[in-house]
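Number of protein chains: 2
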Amino acid sequence: MAPSAAAATAPLFRDELIERGLLVATGVPGVYGRSGEFEDTLMRIDRIIDTLGAHDEPEVLRFPPVLDRQTFERSGFLDSFPHLIGTVHAFGGRDREHRDLLRAVENGAQWSAQFAPTAVVLTPAACYPTYPMMTGRLPRAGRLIDVLSYCFRHEPSDDAGRMQMFRMHEYVRAGNAATVLAWRTRWLGRAKRLVDALGLAARTDVASDPFFGRAGALLADSQRNQQLKLEILAPVANPATLTAVISLNYHQTHFAERFGITADDGATGHTACVGFGLERLTLAAYRRHGLDRKRWPAPMREALDL
Amino acid sequence: MAPSAAAATAPLFRDELIERGLLVATGVPGVYGRSGEFEDTLMRIDRIIDTLGAHDEPEVLRFPPVLDRQTFERSGFLDSFPHLIGTVHAFGGRDREHRDLLRAVENGAQWSAQFAPTAVVLTPAACYPTYPMMTGRLPRAGRLIDVLSYCFRHEPSDDAGRMQMFRMHEYVRAGNAATVLAWRTRWLGRAKRLVDALGLAARTDVASDPFFGRAGALLADSQRNQQLKLEILAPVANPATLTAVISLNYHQTHFAERFGITADDGATGHTACVGFGLERLTLAAYRRHGLDRKRWPAPMREALDL
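In the order they appear, the protein sequences are chains A and B. Residue numbers 1 to 306, in the numbering used here, belong to the letters of the first sequence in order. Residue numbers 307 to 612, in the numbering used here, belong to the letters of the second sequence in order.
What follows is the structure, given as structure tokens:
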């Protein structure tokens, strides 16, 4: 059988997970309910991340999955990834407009096309709300913030590893270049300890973001050449292809310039973040060890305290 | 001093929480970051809810904070609460439209007004994704589902107890009328045990939803007269006014008709839900016992396993 035909007939991992009851279909590609067991596995993996991160005593903050427009506009996300945004819109009418709205729904028309933009967009990455908090001069030791939230990326897909809404646990470090780079290197070691504990067949690679448009390819090349983005990849949706499960990003002065973040010595600050894709890590564990969690290898079950 | 003047000069509870570092301002009313301690308190309160709910062995599901449009349209939310909706929109252009978009951002124009509606809206209540899962004939014992998610309500407010994004932990019961009503009565007792454990000065009342428009007042009256909505209220933003922290709703056949849910005997099903406002319960605890958690009364600290 030709490889393409094999790929076409192999069941989608997403469908296997739904069949098993670990995910619940909602009719929208990339939007799923999670079973109690799936959530429990995800939380146990996250607890390992918490333990690895606790050494540095980060400032823990939890933001809801929406971001104020002002921060979003300043962040530069619109320059690079307009295709992934989700903006939030609301109805501002009265009784008359309400009747028109209900008629549009009944007729199967695009009933929210005229809704007005609200003050928020869906959070595209868990770290974004932290940058405006750091405006001004950083303390001598810099800042270290631990965030976790649902994130939205508008990329409808049948790939279980490419959800439109997923959780990202991130650590954000701000300081001077040396501090920030040394911190990222330390996390590279910790991240490998995590994937080892999960028994994943993972590898590290230099990577780039999915920049938009014709200029995007140049930006991606530049990002690769400077090794700004490192990823730890593992099989998620398919046994044969690798998907990023952890990402370690050095932003140089990108966010510091946009949010006026200054290092202790008065120079423009540098930032970096380490992001854990919690759904992807969880899916990678099921992919590697099978859908029956009770049969997972003993060291793995021990690591998860199962 | 006249009461109105006193109200005008008293600090907002929201500002006290921000000052203390328990909440983080984002520039958008009703959208806050939560400190590690705030989250920890919220999770400990939620663990009490879990313990109360575990007796019935619910089916645990966790949905992301977006809902597919089809379910949303069928739910009837648009009829009653169009003013609270948040729809999600996305950019569909190419390089040329991207340049226009960036120019609009630079000029301070409404850059997302032309974005196209996506297949999702923000979840208005945690229970909504469960109804299409129950389409068809229910098992003899009915269904009982445990859900928890961030929910969105477009009502920008400085009232700490009226957030635009907040978490709701809900139990959803489906079956015949007698089953569903007996279950709600049982939860009324449990809900009182929860507010007692938290030491809240709470009371129960018959309530109504904030229905939209001129017809809304009639709907609210009808809901009250039939005692379809019960609430447990406690001081949240102000010591003197009460805000619902728990809501117990009997939907009669509303959702069953819209989603084709049939009881075991072939009749149209009935549903009810019990919803816990996790941020409101947490805020009510800080309101009642003060912002210094270490000084909370011993029985309360014991209930939270602090």
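C-beta atoms are modelled at their ideal positions from N, C-alpha and C, and glycine is treated no differently.
Backbone secondary structure at residue i - three-state DSSP
| i | result |
| --- | --- |
| residue 15(A) | helix |
| residue 540(B) | strand |
| residue 291(A) | coil |
| residue 2(A) | Bear in mind that the predicted position of residue 2(A) carries a pLDDT of just 46, short of 50, making it unreliable; the figure below should be weighed with that in mind. DSSP places residue 2(A) in coil when its eight states are reduced to three. |
| residue 564(B) | helix |
| residue 382(B) | coil |
| residue 424(B) | strand |
| residue 577(B) | strand |
| residue 168(A) | strand |
| residue 501(B) | helix |
| residue 89(A) | strand |
| residue 453(B) | strand |
| residue 486(B) | helix |
| residue 205(A) | strand |
| residue 105(A) | helix |
| residue 251(A) | strand |
| residue 157(A) | coil |
CB contact below 9 Å: residue i versus chain A
| i | result |
| --- | --- |
| residue 385(B) | yes |
| residue 391(B) | yes |
| residue 396(B) | yes |
| residue 516(B) | no |
| residue 487(B) | no |
| residue 568(B) | no |
| residue 576(B) | no |
| residue 388(B) | yes |
| residue 580(B) | no |
Alpha-carbon spacing of residue i relative to residue j, whole angstroms
| i | j | result |
| --- | --- | --- |
| residue 482(B) | residue 441(B) | 14 Å |
| residue 470(B) | residue 410(B) | 26 Å |
| residue 452(B) | residue 473(B) | 13 Å |
| residue 477(B) | residue 39(A) | 17 Å |
| residue 222(A) | residue 216(A) | 10 Å |
| residue 82(A) | residue 404(B) | 7 Å |
| residue 189(A) | residue 55(A) | 13 Å |
| residue 233(A) | residue 244(A) | 4 Å |
| residue 220(A) | residue 196(A) | 29 Å |
| residue 398(B) | residue 421(B) | 7 Å |
| residue 262(A) | residue 144(A) | 14 Å |
| residue 25(A) | residue 367(B) | 12 Å |
| residue 192(A) | residue 545(B) | 50 Å |
From the options, residue whose alpha carbon lies closest to that of residue i
| i | options | result |
| --- | --- | --- |
| residue 356(B) | 50(A), 36(A) and 48(A) | 36(A) |
| residue 512(B) | 506(B), 485(B) and 553(B) | 553(B) |
| residue 532(B) | 504(B), 524(B) and 538(B) | 524(B) |
| residue 374(B) | 336(B), 432(B) and 358(B) | 432(B) |
| residue 595(B) | 391(B), 377(B) and 506(B) | 506(B) |
| residue 32(A) | 212(A), 281(A) and 162(A) | 162(A) |
| residue 100(A) | 385(B), 396(B), 418(B) and 415(B) | 385(B) |
| residue 120(A) | 491(B), 392(B) and 412(B) | 392(B) |
| residue 606(B) | 504(B), 363(B) and 335(B) | 504(B) |
| residue 415(B) | 96(A), 133(A), 141(A) and 73(A) | 73(A) |
| residue 390(B) | 348(B), 372(B), 460(B) and 582(B) | 460(B) |
| residue 359(B) | 480(B), 572(B) and 475(B) | 475(B) |
| residue 264(A) | 70(A), 58(A), 141(A) and 129(A) | 141(A) |
| residue 43(A) | 279(A), 254(A) and 18(A) | 279(A) |
| residue 58(A) | 283(A), 183(A) and 287(A) | 183(A) |
| residue 306(B) | 340(B), 611(B), 445(B) and 509(B) | Residue 306(B) is absent from the structure shown; chain B starts at 307 and stops at 612. |
Beta carbon proximity, residue i to chain B, threshold 9 Å
| i | result |
| --- | --- |
| residue 131(A) | no |
| residue 135(A) | no |
| residue 170(A) | no |
| residue 278(A) | no |
| residue 51(A) | no |
| residue 4(A) | Residue confidence for residue 4(A) is low, a pLDDT of 49 falling below 50, so the modelled location carries little weight and cannot support an answer. |
| residue 156(A) | yes |
| residue 41(A) | no |
| residue 195(A) | no |
| residue 286(A) | no |
| residue 95(A) | yes |
| residue 98(A) | yes |
| residue 118(A) | yes |
| residue 122(A) | yes |
Any non-hydrogen atom of the ligand SAH within 8 Å of residue i CB
| i | result |
| --- | --- |
| residue 92(A) | As for the ligand SAH, it is missing from this structure, which has no ligand bound. |
Residues of the segment 406-422 of chain B whose Cβ lies closer than 7 Å to any Cβ of chain A, in chain order = 407, 408, 411, 416, 418, 419 and 421
Cβ-based contacts, 7 Å cut-off: residues of the segment 320-342 of chain B near chain A | 330, 332, 333, 334, 337, 339, 340, 341 and 342
Mind checking the segment 202-228 of chain A against chain B and listing, in chain order, the residues whose C-beta falls within less than 9 Å of any C-beta there?
-> Flagged, chain order: 212, 213, 214 and 215.
Name the residues in the segment 355-379 of chain B whose C-beta lies less than 7 Å from a C-beta of chain A; which are they?
-> 366, 367, 368, 369, 370, 371, 372, 374, 376 and 379
Residues of the segment 555-567 of chain B with Cβ closer than 9 Å to any Cβ of chain A, in chain order | none
Near-chain A residues of the segment 445-458 of chain B - C-beta to any C-beta below 7 Å = 456
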